[in-house]
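K.L.:
Numbering-wise, this note's numbering puts 65 at position 20 of the sequence shown, and it's gapless, one number per residue.
Glycine is no exception: its CB is placed at the ideal position from the N, C-alpha and C atoms.
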Amino acid sequence: MPMICRLIGHRRNRKRVWHDGLNYRSRCARCELPMLRQGGGWALFDPAVHDDDRRSTRDVDS
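#1: Enumerate in chain order the residues of its own chain whose CB-to-CB distance from R72 is below 8 Å, with the five nearest sequence positions on each side excluded.
#2: Looking at the structure shown, is M48 part of a helix, part of a strand, or coil, going by DSSP?
#3: Exposed or buried, W87, counting other C-beta atoms within 10 Å across all chains shown (16 or more means buried)?
#4: Please report the distance separating the alpha-carbon of D91 from that of G66.
#5: Could you tell me if H64 is buried or exposed, where buried requires 16 or more neighbouring beta carbons within 10 angstroms of its beta carbon?
#6: Please report the distance separating the alpha-carbon of R100 from that of A74.
Following this line, the structure appears as structure tokens:
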């Protein structure tokens, strides 16, 4: 993870956002880690917490 993400946080890539069936998803513009929008903000996608069979596996890179 780049130092800038550690210092000021992740930044979603606004040009590459998709809906996975449950939430909007993107990747960090700096480090490419997967993110999802929950409530009023964006958070890192954690498969252990956010994994759900209803989610589409489509990624913008596929």
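P.N.:
Checking against the coordinates, here is how it stands:
#1: Taking R72 as the centre and dropping the five residues before and after it, the same chain places the C-beta of R57, N58, R61, L78, P79, M80, V105 closer than 8 Å to its C-beta, in chain order.
#2: Helix, per DSSP.
#3: The residue is buried, with at least 16 neighbouring Cβ atoms inside 10 Å.
#4: A direct Cα-Cα distance of roughly 16 Å separates D91 from G66.
#5: Counting C-beta atoms within 10 angstroms of its own C-beta, H64 has fewer than 16 neighbours from the protein chains shown and is therefore classed as exposed.
#6: R100 and A74 have their alpha carbons spaced roughly 22 Å apart.
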